[in-house]
Amino acid sequence: MDKMKLGIIGCGNISGAYFEGARKTDALEIKTCADINMKAANRQADRFGCQAASVDQLLADLEIELVVNLTVPKAHVEIGLKALKANKHTYSEKPFAVDIDSGCKLKETATKKKLRVGCAPDTFLGAGIQTARKQLDANAIGRPVAGSAFMCGHGHENWHSNPAFYYDIGGGPMMDMGPYYITALVNILGSVKRVAAVTTKAFEERIATSEKAYGLRIPVHTTTHLTGVLEFVNGTIITTIMSFDMWNHGLPCIELYGTDGSMRVPDPNGFGGSVQVAKARGNWDEVPLEFPHNARIIGLIDMVRAIRNDRPHRVNADLAYHVLEVMLAFDKSSQMNQHVEIESTVERPVPLPIGLNEWEVED
């Protein structure tokens with residue numbers, strides 16, 4: 038298979054993972070990178086041996102078939118639509134969009150132009166979540182009845198060099214970290230049926246104490262503590278907390294409780310981790326991981342191979358849109374003081390086959 042030439046728009050912290058991952062696969066090649074800050078683009082171009090260009094120049098390059106969109110959340114749809122207009126497939130960092138209407142427009146535009154849209158996270162394709170999925174499908178804990186999903190911390194202003202956008206529209210714990218958790222749960226359990234939630238924020242302003250942003254006063258424009266219940270189409274009920282307003286805690290990442298046992302699912306913001314199953318009154322037993330541990334950008338690789346071989350890709354627009362609708366339902370439910378029905382549904386992505394090497398998917 039000939040390598041697909043890609044362009045990266047957005048050369049911030051996360052871009053390094055994509056440049057590094059591209060070196061591990063023969064499926065793709067990063068030809069060009071762009072950023073509104075040309076210094077950032079030139080720095081990554083020099084470091085990874087590609088060319089730097091303006092966004093318009095990158096989009097005009099006929100050799101580039103797919104644009105990797107690593108901009109801030111509020112720009113994801115804008116850049117995605119520009120890429121589609123230039124007749125290029127596009128793969129975006131999470132979240133898919135910051136509102137339903139723009140997410141729907143992106144998805145519909147891609148369909149009309151017969152182009153592909155992909156979206157992070159792809160961590161559900163890692164060893165931890167794939168193993169958990171396999172265990173559930175094999176009835177290791179019986180029929181899933183309930184579970185929990187907790188992502189709790191105290192935000193980014195204490196360590197991040199540019200923490201402001203985490204508290205802007207499109208930020209907050211749900212839009213920042215929720216995609217990992219909700220995508221993992223949808224991959225394991227299927228579509229969400231409805232959401233009930235209460236949301237709030239502890240601070241109107243945050244003050245950065247990280248070295249590069251020290252003293253920066255950050256207005257908080259989004260909710261920073263969200264707690265709710267997800268009811269899945271299959272009947273499973275998941276209790277959820279996503280918070281930037283908590284210090285120490287002892288809550289697990291994800292646990293699932295079935296009719297015949299329980300399962301501990303590893304941190305979905307990673308590709309490995311420990312999967313444990315306890316049968317009925319038995320002790321916790323470690324489940325061997327049967328998939329590659331380190332698989333960053335595997336979703337992008339899967340998308341490229343899927344385009345080349347005319348099959349569906351796993352990190353697809355339908356999945357990302359469904360996750361977006363679920364995440365936005367938390368604030369909507371809190372504001373309306375009622376359950377919010379989820380209108381979209383999505384098929385669970387096809388599991389990865391066993392026996393693959395790292396950074397490898399089937400054709």
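Position one of the sequence shown corresponds to residue 38 (the working numbering), numbered consecutively onward.
Heads up, the beta-carbon is just placed ideally off N, CA and C, and yes, glycines get one too.
Query, Result
"May I ask you to check if the CB of His376 is nearer than 8 Å to at least one heavy atom of the ligand ZN?", "In the structure shown, the ligand ZN is absent, as is every other ligand, since no ligand is present at all."
"May I have a chain-ordered list of the beta strand (DSSP E) segments no shorter than 3 residues that lie completely inside the stretch 116–167?", "126–129, 154–156"
"Note down, one range per segment and in chain order, each alpha helix (DSSP H) of at least 4 residues found wholly within the stretch 279–354.", "335–346"
"Using a threshold of 9 Å, state whether the C-beta atoms of Phe281 and Lys230 are closer than that.", "no"
"Please identify the residue among Ala332, Ala233, His359 whose C-alpha is closest to the C-alpha of Val398.", "Ala332"
"Going by alpha carbons, who is nearest to Ala201 out of Ile67, Ile225, Pro216, Glu242?", "Glu242"
"So, under 8 Å CB-CB, Gln172 and Val324 are touching, yes? Tell me the CB distance rounded to an integer number of Å.", "6 Å"
"May I ask you to report which of helix, strand or coil DSSP gives Ile225?", "helix"
"Straight-line CA distance for Gly47 to Asn74?", "9 Å"
"In whole angstroms, give me the CA-to-CA distance for Lys125 and Ser52.", "19 Å"
"Do three or more CB pairs link the stretch 373–387 to the stretch 230–239 at distances below 8 Å?", "yes"
"Do the CB positions of Leu107 and Ala186 come within less than 9 Å of each other?", "no"
"Do Pro305 and Thr160 have their beta-carbon atoms positioned less than 9 Å apart in this structure?", "yes"
"Under the DSSP definition of a beta bridge, which residues are partnered with Cys48?", "In DSSP, Cys48 forms no bridge with anything."
"Taking only three categories from DSSP, how would you classify Thr246?", "coil"
"Have a look at Ile344 and Ala64 and give me their C-alpha separation to the nearest angstrom.", "11 Å"
"Is the CB-CB distance between Asp72 and Gly49 below 9 Å?", "yes"
"Per the DSSP calculation, Met41 is bridged to which residue(s)?", "Leu65"
"Looking at C-beta atoms only, is the number of pairs between the stretch 133–150 and the stretch 108–119 that lie closer than 8 Å three or more?", "yes"
"Less than 7 Å between C-beta atoms, sequence neighbours within five positions excluded: which residues of the same chain meet that for Ser247?", "Glu194, Asn195, Trp196, His197, Ser198, Pro200"
"With H, G and I counted as helix, E and B as strand and the rest as coil, what does DSSP make of Thr220?", "helix"
"On the premise that Leu361 lies in contact with Pro181, defined as a C-beta separation below 8 Å, what is that separation, rounded to the nearest angstrom?", "Going by Cβ atoms, the distance from Pro181 to Leu361 rounds to 23 Å, so no, they are not a contact pair."
"Please return the same chain residues whose Cβ sits closer than 6 Å to the Cβ of Gly192, not counting the five positions on each side in sequence.", "Phe281"
"Please state if the CB of Lys68 and the CB of Glu100 are separated by a distance shorter than 9 Å.", "yes"
"Are Leu162 and Phe308 touching if we call contact CB-CB under 9 Å?", "yes"
"Specify, as a first and last residue, the run of the alpha helix (DSSP H) that Arg60 falls within.", "From DSSP, Arg60 is part of no alpha helix (DSSP H); its letter is neither H nor E."
"Output needed for Ala164: all residues of its chain with C-beta closer than 8 Å, excluding positions within five of it in sequence on either side, in chain order.", "Phe308, Gly309, Gly310, Leu326, Glu327, Phe328, Pro329, His330, Ala332"
"Ignore the nearest five residues each way along the sequence and tell me which others in Ser91's own chain have a CB closer than 7 Å to its CB.", "Ala71"
"Assuming the contact rule is C-beta atoms closer than 8 Å, Asp98 and Gly44 should be a hit. Round their C-beta distance to whole Å, please.", "7 Å"
"Using the beta-carbon count (16 or more within 10 Å), is Leu389 buried or exposed?", "buried"
"Could you tell me the distance, in whole angstroms, from the CA atom of Gly392 to the CA atom of Phe240?", "48 Å"
"Using the DSSP secondary-structure output, state which residues sit across from Met188 in a beta bridge.", "Met279"
"Let's test the definition: count the other Cβ atoms within 10 Å of the Cβ of Tyr358 and tell me whether it reaches 16, buried, or not, exposed.", "buried"
"Could you check where the alpha helix (DSSP H) with Asn79 kicks off and where it finishes?", "75–85"
"Per DSSP, which one or two residues make a beta bridge with Phe269?", "Val229"
"Excluding the 5 residues flanking Asp93 on each side, which residues of the same chain have their C-beta closer than 7 Å to its C-beta?", "none"
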